[in-house]
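Undergrad: Start counting the sequence shown at 524; every next residue gets the next number (our numbering).
One structure coming up, written as C-alpha cells, with questions to follow.
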Amino acid sequence: MGWALRHTMDDSVEYFRGNEWVNPRTDDEFTYVVSADRLNEIRNEKMYPFFDSGGNDGNGDFQLNIRDTQPQVNKQLNFLLPFYGFGFNYTWLSLHGHISFSDSPHQFPEYPLSFPIQEWPRVSDPSFIGIFYSRCKVGQLNGNEEEEYARRKPGVYFRLERDLYWRKDQFGVELRERVKWDIRESMVGSETFRPKHIVIATWKNVSFAGGITSATRLATVIVTDEVRTYAIFIYEWMGWTTHTEAGGDTTTGQGGTPAFVGFNAGNGTKAYEYMPYSQTTLIRDLPGNGGANGFPGRHIFRIDENIIPGVCIRDLIGTNLPLTFAPENGNMLGGTMVNMTGPCFLPKMRITCRFNTKDSEGIVLNENRASCIMPWTEAEGWVDFEISLDGGGPFYWKGKFYVEPPSVSPSLVWFEENTFHELDPGTMTLNWDWKNLTMNFNAKVSISVWGYLENHIEPELLYIDMIEQSSQNDGITTMSTADFYERDNGDYLRQCEFGFIMINITNPEKEIGMKTSPTIWSRPIPLGWYFNEQWRRFEGNDWVEKRCDRWTKRDRLLKYFTNELPMCPCLLRQAIVDRGRYAPDFDCDQDGNTQCFYHQGAQHCVVTALPNHDGAGQQCCYDLAGYLMLTADNKWGGTPFRVHGLGVLPWNEANKIPSLSHWLHDKTSFYTCCLWQDEQSQGCQNYRFERRSSQDCVGYQPPGGATVFGDPHVYTFDGLEYTFNGKGEFVLVRADTPRVKIDVQGRFEAIYDSPYGKVDATSLTAIAAKDNFSSIVESPNILNQSHVVIMFQSGAGVEVLENKHYMAARVYLPWQFINQTRGLFGNWTFDVTDDFTLPEGKVLPRINVGDLRKIHNDFAMKWVVHDKEALNVGRSLFHHGKGRSSNFYYSKLFIPEFEILPEIQENVTWVDKDMVVDTCGESYQCKYDYSTTLRVLKPEARVVSCGALPTPANGRKSTFAFTPGTMVKFDCDPGYVLTGERRRWCYDNGDWNWAEMGDAECVDEAEHNAHQAGMTAGIVIGILIPLIAVGFCILMKIRSNGSEGGRQNEQQNYPIQRIPQAQKPSVSAPMMMNSSGSHDKMIPLQSSNRRYGSKTSLPEREV
C-alpha cells in the first residue's frame, strides 16, 4: 500500500531516480508510463492511498485539526466540482462521515433523518455527500493490525490531486490510470471518461459518539472531469451502525436508527437515500455488497446532475426498482448497445430487454453489469425500458428510454462533403464515430447501404448492398460512385430513393462477446449517388422527370392537407415567440445547424412542434432580413409537410413512421423534382406552386401571451399589469369548456431574507400544466437550468425561464382560447375590465392596480388550489414528495408588502430612492423588487402582410418583403423579357396595388420577339386593310367619275332627245348627278348591255 515517494513543502511529490530526488512536474525529461502489470498490481488494492507522514508538517494526509471538539475543516478545491445540479469550488470535511458544500448539516433530534429539509429556507438545507452520516468520534487502534496502512493513526485523512491530465510523475500517472479504469469498468456510460481531479477522504478507526469501543474504516473517492462526477464509497470494515443519540447502545453501537447513507443537493431541492441500506439494519451489508471492480464493499455512483448508482442490489425482486443503464437514448433504427446495472446478475442468467414492445436478448458481463442491443423500435420519445431475469418472465426492473427519430439522432456516420446530394459526386469520404462500436481501433467493420419503402401497411427497411465487407475501425474510408455503375439490385430495390449507411462489427463475438453487433447509422440520405446509373439504364435518360411525375400523380390522389395547417408567422421575431405552435427546425437553426442546405438563403426555420390530427406539419423559413421565404419566389422557401417529422401514433404503420414517412412523402420529391431538375422545369413548378407551395402569412394570428415574473408581477392576456405576493399554489390560467381545456398552475414561495432584514415577498418556484390531451407536465425550480418550453397539442405553450435568479413563466394561447380563460392571467377578451373574474364567474369592479391589498384579498387569493378538487378551480397538479401536500406551501397568514413602492430598509446604506429611480425608470415592478429584495429585475401586434407576390419564372424581385410600404421591382434573367407590371406597392390595408398592366412575367426573348412581330404585323395589317379598302373605293370613284365625264361630253356633242312624259318607263332607272352636282339635268345610266368597249356605235359627231 505504498509508493517510493516523498512530499515537498509545496505538497508536490518527488521520486528517487538514480541517486537524486526528482520532481516530475518541473522535469521535462521525466514522463512515467505505467505498465499493464503495475496497473493490475495497484488496482488489486481495495483502499485508495492515504498517508500519515510527509507533507509540510510531516503528517501527510492526516488532518490534525479534525478532532472530537472540532469535527470539520474547510478545504478549497480550486476547480469546479459538479454535484447534483450545482457547482462548487470548496468543501467541508467532517469527522461525522460526510463531505459538505455549504453549512455543515445540523444534528437532528428526530430520527430517521429526512432530506431535503422541509423547513428550508427558514432552516438551512446543506449540500453533502454522506458515506456514513452519523455522530462520530476518533477511535483507537486495537493492537492487532498487521498491514502497514492498518497501523496508521486513527482519524480523518484528506488528499487532493489536481490536473491529472498533464501529470507525468509516477504517483499522478498511476492514480489517474487506476481511477480511470476503476470507473470505466464499474459504471455504465463512462467508457470515455478521463479523470482530471480526484479527492480522497478516508475515515480510519472512527468510532461512534457516546460509545466505548468499536471502529469503522471507510473512504470516499470523488473524481471529476469538471463535467461528469463520480463517487466511490469504500466500506472496508464496519464495527458499529448507530450512535447513542439515535438509539444505539453504548457498547456495540447497534440498534436504534443507523447512519444515513446518500446525497443531498441542498437548498430544498432533492436528495438521494441509498436504499435498502441507509438508516436500516441492512446497513451492515455494505462491506459485503457492492462489488464494484470485483471488491465487496465498493459502491460507485455518478453524482453530477442526478444520483445514478453503479452497483447491483440484492434480494428485492418484485419492488419495481429503478434500472441504471447507459446510454439512455438510441436511434429508432436500433443497434445501440445498452449497458445495465440494477439486479445482481448470475453468469448463466437469461436476460431479456424490452424497448416499448420490442424484445432483445442480452448477455451477462459480470455481477453488476449486463448488455443488450436495441432492436428497431417504431416509436418516438420516451418509452418503457424493462428487463427480465428469466427469459421473458416478470419485468421487475424498469426505466425510461428515449427513442430518437433518425433525422435528429446524433449523426454517427456522415459524409465529409455535401456531394452525396448529387447524382454522380465521384469520390466521397465517409466518416464514423468508431468508439461507438468498440474501443478497439483495429477491429473490422462492415459498411452497407439500406433503403426504405412503404408499399404495404408495414414499412420496410431493406438491405441493398455491401459497400465494404471488412474495413478497419479507424473512422474513415473513401468510396467511388463508379464502383456502383454496373450494379443491378432488381426492380423492387430500385424503388428506394432514400436510405441510410449502416456500419457494424464484422465479428461481434470476437470483439464484444455478443452474437449481435451494435450498429451505427447515418441520417437519412438520398440514394441518387448509388442508383443513378441503374435508374438511367432501366428507366431511360429522362428517369428524373418520370419519377417526379409519378410522385406528383400519387400526391394528387391523396387528401388535400394544407388547409388544416396553421398559418406561418410573417416575421422571424413572431415565429420565435410563438412558443405554443412552432419549434426550431434542426435542419436550419440559427442557434444550431446554420448550413440550411434545403433552404439556402434562410437564417432560421421553424416547424409546428407537434403534428396535427392527420399527422401533417407546417414549415416556415425566414431570410436574412427576417421575412418569410416562399416557394413562389424560389425553391428554397419553407414547405408544408404531408407527414410531420415526429410521425403519428401508432408509429408502426406506413405514413406514420417518425422521420422515415416524412422523408418518403416530403423530402425525396424535392430531390427528383427540383434539386435534380432545373428550377424552371415543369416538375419543379408543380412542386413549388401546387404540391408543396408555401403558405403566406395573410391571416396569421399571433398567440395571446401572459407573463408572471419577479416578486411576482403579472401581465394578463389583455395587458393588465398588477403585483400579487401570495404564498401557495395558484391557478395562472384555466379553461374548461367543451371547446378547449387547459390548466397552468404556479407555485409561489417566500423569498429568502436578505442580509439586511426580512423580505415580505414571494416568487415563482415551479410550474405545472396539462391540457385535454396530455399528462401533467411539471417544471420545478430551474435555477440550475435556464430555459424550458412546454408545448401542447392544442397549440398552447408554456415557457419557463430563469431571469436574474428569479423564475419567470409565459403562457401562449391560440385564438380559440379567446373568452375561455380564467385565473390570475385574466379573461382574454381584449378588454382589461373583466380580467379580475372570480372562479364562480363574477367580474369584480375595476380595482386600482396600485391597491395591492385589495387585489390580494378580493381576487388573487380566490385562485389558490389544494389537493382536493374545487369547483371552477380544480386541484393541484403538482407532485408533492417527502410527505408534503399543497398545504405545505400555502399560508393564508402570510402578509406580504402591500406598498407599491416599499421603504428601503434602514440599515441599507448602498441603495437609496434616487438609485432605484435611476435604475428602474418608470417600471414600478422593477422598483418594487429592488426595494424589497435589493435585487434588480426588469421585465422584457400583429404584423400586416400583403401576402405572397410570386416571383416570375426566370425572373427575380428586388425584395421578398411583404409589409406595408414595400415597393417590389421585377427583373428578368438574361434571354428573357419582362411583361406586365414592373413595380408593385404594398398598401397599409394589406393589399398590393392593382396590376393594371397584368402580373409580371418573364417571356423568352425569341418568343417575345416573335409575339411582338406578330402583333406588329397584325397592327399593320389592321391599318392597311382599311386604307386599301378606302383607296380602292376612291379609285373606283375616280374611275366612275371619269366615265361619267366622258358621257357628259358625248351628251354635249350629241344631244339626247327627250322622251315625252307619258312615255317614261314605269320603273325609274338609277340617276346620276351631273358633274356640277345639280339636279336640273338628270341622265339615266346606260343599260347593262352597254359596256366599255362595246361595239355599238355612237352617232357620229357633227362637224
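Note that CB positions come from ideal geometry on N, CA and C, so glycine has one too.
1) Pull up the distance between the alpha-carbon of L616 and that of M798, whole angstroms please.
2) Spatial neighbours of K1492 within its chain, please: C-beta separation below 6 Å, excluding the five flanking residues on both sides.
3) Can F918 be considered in contact with the ligand SAH, in the sense that its beta carbon sits closer than 7 Å to one or more heavy atoms?
4) Under a three-way DSSP split, which group does L1375 fall into?
5) So, at 7 Å on beta carbons, what are the nonlocal neighbours of C1144 in its own chain, with the 5 sequence-adjacent residues on each side left out?
6) Assuming E1528 contacts V1553 (C-beta within less than 8 Å), just tell me the rounded distance between them.
7) I think V557 touches E697, with their Cβ atoms under 8 Å apart; what is that distance to the nearest whole Å?
8) Would you report the Cα separation of E1009 and P1049, rounded to the nearest angstrom?
9) Excluding sequence positions up to five away, which residues of its chain have a Cβ less than 6 Å from the Cβ of G1318?
10) Give a yes or no on whether the C-beta atoms belonging to F624 and F638 are separated by under 8 Å.
11) Measure the C-alpha to C-alpha separation of G762 and T739 and round it to an integer number of angstroms.
12) Pairing CB atoms from the segment 1224 to 1237 with CB atoms from the segment 1331 to 1351, are three or more of them under 8 Å?
13) Give the single residue among D1283, R1270, S1298 and T1344 whose Cα lies nearest to the Cα of Q1323.
14) To which residues of the same chain is G1498 closer than 6 Å at the C-beta, ignoring the five residues directly before and after it?
15) Identify every residue that forms a DSSP beta bridge with V1221.
16) Return the chain-ordered list of same chain residues with a C-beta closer than 8 Å to the C-beta of K967, the five sequence neighbours on each side being excluded.
17) Could you give the DSSP three-state label for T1075: helix, strand or coil?
18) So what does R1165 bridge to, in DSSP terms?
19) For S894 versus N862, is the C-beta distance shorter than 8 Å?
20) Run through DSSP, which three-state label would T1502 get?
21) Smallest Cα separation from L1016: which of G1051, H822 and T1039?
22) For A1393, write down the residues that DSSP places opposite it in a beta bridge.
23) Put T592 into one of helix, strand or coil per three-state DSSP.
24) Mark N812 as exposed unless 16 or more other C-beta atoms lie within 10 angstroms of its C-beta, in which case mark it buried.
25) State the CB to CB distance for the pair Q1057 and P1089, rounded to an integer number of angstroms; the pair is presumed to be in contact (CB under 8 Å).
26) Can you tell me which of the three DSSP states R821 falls into?
27) Return the first residue and the last residue of the beta strand (DSSP E) that I565 is part of.
28) Along the chain, where does the beta strand (DSSP E) containing V1300 start, and where does it finish?
29) Should Q1203 be labelled buried (16 or more other beta-carbon atoms within 10 Å of its own) or exposed?
30) Starting from K727, trace the beta strand (DSSP E) both ways and give me its first and last residue.
31) Measure the C-alpha to C-alpha separation of Y800 and D808 and round it to an integer number of angstroms.
32) Answer with buried or exposed for G712, where buried requires no fewer than 16 other C-beta atoms within 10 angstroms of its C-beta.
33) Out of G620, G1022, R645 and L683, which has the shortest C-alpha to C-alpha gap to V661?
34) Give every residue of the same chain whose Cβ lies closer than 8 Å to the Cβ of P677, excluding the five residues on either side of it in the sequence, and list them in chain order.
35) So the alpha helix (DSSP H) E1062 belongs to, where does it begin and stop?
36) Out of curiosity, what's the CA-to-CA distance linking T773 and H766?
TA: Quick look at the numbers:
1) If you number the sequence shown from 1, residue 616 lands on position 93. If you number the sequence shown from 1, residue 798 lands on position 275. Taking C-alpha positions only, L616 is separated from M798 by approximately 24 Å.
2) Position 969 of the sequence shown, counted from the start, is the residue given in the question as residue 1492. Within the same chain, and ignoring the five residues on either side of K1492 in sequence, the residues whose Cβ sits closer than 6 Å to its Cβ are S1481 and R1506.
3) Among the ligands in the structure shown, none appear at all, so the ligand SAH cannot be discussed.
4) Start at 1 with the first residue of the sequence shown, and residue 1375 comes out as number 852. Reduced to three states, the DSSP call for L1375 is helix.
5) If you number the sequence shown from 1, residue 1144 lands on position 621. C1111, H1122, A1125, C1128, M1152, G1160 and G1161, listed in sequence order.
6) Here the question's residue 1528 lines up with position 1005 in the sequence shown. Here the question's residue 1553 lines up with position 1030 in the sequence shown. V1553 and E1528 do not touch by the CB rule: their CB atoms are close to 37 Å apart, not below 8 Å.
7) Sequence index remark: in the sequence shown, residue 557 carries index 34 (1-based). Sequence index remark: in the sequence shown, residue 697 carries index 174 (1-based). At roughly 5 Å, the Cβ-Cβ gap stays under 8 Å, so V557 and E697 are in contact.
8) Within the sequence shown, numbered from 1, the residue matching residue 1009 stands at position 486. Within the sequence shown, numbered from 1, the residue matching residue 1049 stands at position 526. Distance between the alpha carbons of E1009 and P1049 is about 19 Å.
9) As a position in the sequence shown, residue 1318 is number 795, starting the count at 1. Correct list, in chain order: G1103, R1104 and P1337.
10) For the purposes of this step, residue 624 is taken as the residue at position 101 of the sequence shown. For the purposes of this step, residue 638 is taken as the residue at position 115 of the sequence shown. No, the Cβ-Cβ distance between F624 and F638 is not below 8 Å.
11) To locate residue 762, count along the sequence shown from 1; it is residue 239. To locate residue 739, count along the sequence shown from 1; it is residue 216. Each residue's alpha carbon lies about 5 Å from the other.
12) Proximity of the segment 1224 to 1237 to the segment 1331 to 1351 meets the contact definition, three or more beta-carbon pairs being nearer than 8 Å.
13) Here the question's residue 1323 lines up with position 800 in the sequence shown. In the sequence under discussion, the amino acid at residue 1323 is Val, which differs from the Gln named in the question. Nearest C-alpha to V1323 among D1283, R1270, S1298 and T1344: R1270.
14) Here residue 1498 corresponds to residue number 975 of the sequence shown, with the count starting at 1. Once the five neighbours on either side are set aside, the close Cβ partners of G1498 are E1528.
15) For the purposes of this step, residue 1221 is taken as the residue at position 698 of the sequence shown. BP columns for V1221 are empty, so no partner.
16) To locate residue 967, count along the sequence shown from 1; it is residue 444. If we look at K967 and ignore the five residues flanking it on each side, its Cβ neighbours are S993, S994, Q995, N996, I1028, T1029 and N1030.
17) By 1-based counting over the sequence shown, the position of residue 1075 is 552. DSSP places T1075 in helix when its eight states are reduced to three.
18) Locating residue 1165 in the sequence shown gives position 642, where the first residue counts as 1. Per the DSSP secondary-structure output, R1165 pairs with nothing in a beta bridge.
19) Within the sequence shown, numbered from 1, the residue matching residue 894 stands at position 371. Within the sequence shown, numbered from 1, the residue matching residue 862 stands at position 339. Here S894 is near N862, since their CB atoms are less than 8 Å apart.
20) For the purposes of this step, residue 1502 is identified with residue 979 of the sequence shown, where counting begins at 1. Strand.
21) Residue mapping note: residue 1016 aligns to position 493 of the sequence shown, counting from 1. Nearest to L1016 by alpha-carbon distance, out of G1051, H822 and T1039, is G1051.
22) In the sequence shown, the residue the question calls residue 1393 occupies position 870. Paired residue(s): G1397.
23) Numbered from 1 along the sequence shown, position 69 holds the residue referred to as residue 592. Reduced to three states, the DSSP call for T592 is coil.
24) As a first step, residue 812 is located in the sequence shown; it is residue number 289 there, counting from the start. Note on N812: 16 or more other CB atoms within 10 angstroms of its CB, so buried under the neighbour-count rule.
25) Counted from its first residue, the sequence shown places residue 1057 at position 534. Counted from its first residue, the sequence shown places residue 1089 at position 566. The Cβ separation is near 41 Å, so there is no contact.
26) One-based indexing of the sequence shown puts residue 821 at position 298. If DSSP states are grouped into helix, strand and coil, R821 belongs with the strands.
27) The count along the sequence shown starts at 1 and reaches residue 565 at position 42. Looking at the DSSP string, I565 is not in any beta strand (DSSP E); the run it does join, the alpha helix (DSSP H), is A559 to R566.
28) Indexing the sequence shown from 1 puts residue 1300 at position 777. V1300 to S1302 is the span of the beta strand (DSSP E), which, as asked, contains V1300.
29) Within the sequence shown, residue 1203 is the residue found at index 680, counting from 1. Within 10 angstroms of the beta-carbon of Q1203 lie fewer than 16 other beta-carbons, which makes it exposed.
30) Position 204 of the sequence shown holds residue 727. It spans H720 to F731 - the beta strand (DSSP E) in which K727 sits, taken as one unbroken run.
31) Here the question's residue 800 lines up with position 277 in the sequence shown. Here the question's residue 808 lines up with position 285 in the sequence shown. For Y800 and D808, the distance between alpha carbons rounds to 7 Å.
32) Working through the sequence shown from its first residue, we reach residue 712 at position 189. Buried, because 16 or more other Cβ atoms sit within 10 Å of the Cβ of G712.
33) Within the sequence shown, the letter at position 138 stands for residue 661. Selection G620, G1022, R645 and L683 evaluated against V661 yields G620 as nearest (Cα-Cα).
34) Against the sequence shown, residue 677 aligns to sequence position 154. The answer, listed in chain order, is V661, G662, Q663, L664, K727, N728, V729 and A738.
35) Against the sequence shown, residue 1062 aligns to sequence position 539. G1051 to E1062 is the extent of the alpha helix (DSSP H) around E1062.
36) For the purposes of this step, residue 773 is taken as the residue at position 250 of the sequence shown. For the purposes of this step, residue 766 is taken as the residue at position 243 of the sequence shown. The alpha-carbon atoms of T773 and H766 are separated by roughly 8 Å.
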